[in-house]
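Under our numbering, residues 602 to 765 are what the sequence shown spells out, in order.
Just so it is clear, CB atoms sit at the ideal spot from N, CA and C, and this is done for glycine as well.
Computed from a predicted structure; not experimentally measured.
Everything on this sheet refers to the single structure shown next.
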Amino acid sequence: MESQRKIAENVLPGFAAKTNLVFTNRVGGFMSRNHVLRRDLRRILNRAAVILAAQRLGVDPDETARLNGPNLPTSTPVEAGYQIVLPDGRQAQLEEQDLLTGVTLHTFRHTHASMLIARKVDIKTISKRLGHERITITYDLYGHLLPGMDEEAADYMDEFMASI
602 MESQRKIAEN VLPGFAAKTN LVFTNRVGGF MSRNHVLRRD LRRILNRAAV
652 ILAAQRLGVD PDETARLNGP NLPTSTPVEA GYQIVLPDGR QAQLEEQDLL
702 TGVTLHTFRH THASMLIARK VDIKTISKRL GHERITITYD LYGHLLPGMD
752 EEAADYMDEF MASI
């Protein structure tokens, strides 16, 4: 935590040091849950829609996102029909398939846990990272993602027994 605080002091000189905050809003104050949910997540999802549209249209997603980024609304979701500018100057519209609906901050939490399981991180470590009080909570939520692990354990034991 101390190293994060020092980084924050260098990035936001004066602000982080005065408030003793590690993570701050744009002007160095407290982060509001509403700002994160409404502005920041909305901005991310709107940019993702532009990137998906660019991929669908076969143009460079990075260039398209950079071009449209400053003009995207941050407090309201973009909708099908929203006009975007392509790198060559043409205009295109977002389609339903480009929009990410139903995504919340909790979606990223589940994605994080799922990715750790896919990388074979042990369930106890995942449970700790998620802040679950009991490992059974984690297992109940994510146990369905572990089916191949039993076969791997059996293969490991077969290899071990064959070596002795």
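Between the CA atoms of R634 and Y683 - distance to the nearest angstrom: To locate residue 683, count along the sequence shown from 1; it is residue 82. To locate residue 634, count along the sequence shown from 1; it is residue 33. For Y683 and R634, the distance between alpha carbons rounds to 27 Å.
On the three-state DSSP scale, how would you describe V651?
-> Reading the sequence shown from its first residue, position 50 is the one you call residue 651. Helix.
Could you give the first and the last residue of the continuous beta strand (DSSP E) run that contains A693? Stepping through the sequence shown from its first residue, residue 693 is reached at position 92. From DSSP, the beta strand (DSSP E) with A693 extends over Q692 to Q694.
request  = Measure the C-alpha to C-alpha separation of P748 and T737 and round it to an integer number of angstroms.
outcome  = Within the sequence shown, the letter at position 147 stands for residue 748. Within the sequence shown, the letter at position 136 stands for residue 737. If I take the Cα positions, the gap works out to 16 Å.
Determine the contact status of V651 and P688, defining contact as a CB-CB distance below 8 Å. The residue you call residue 651 lines up with position 50 of the sequence shown. The residue you call residue 688 lines up with position 87 of the sequence shown. For V651 and P688, no; Cβs fall outside 8 Å.
Exercise. So is I724 buried or exposed if we call it buried at 16+ other beta carbons inside 10 Å?
Worked result: The residue given as residue 724 occupies position 123 in the sequence shown. Buried: at least 16 other Cβ atoms inside 10 Å.
| said: Please list the terminal residues of the continuous beta strand (DSSP E) segment that includes I775. | reply: Coverage of the chain is limited to positions 602 through 765, which leaves residue 775 absent and any answer about it impossible.
| field | Simplified DSSP assignment, three categories, for V704 | value | Counting from 1 along the sequence shown, the entry for residue 704 is found at position 103. In the structure shown, V704 sits in coil (DSSP, three-state: anything other than H, G, I, E or B).
Exercise for review: Go ahead and pull the three-state DSSP assignment for I685.
Suggested key: Mapped onto the sequence shown, residue 685 falls at position 84. DSSP places I685 in strand when its eight states are reduced to three.
(message) If the criterion is Cβ atoms closer than 8 Å, does the pair A681 and E664 meet it?
(response) As a working mapping, residue 681 is identified with position 80 in the sequence shown. As a working mapping, residue 664 is identified with position 63 in the sequence shown. No.
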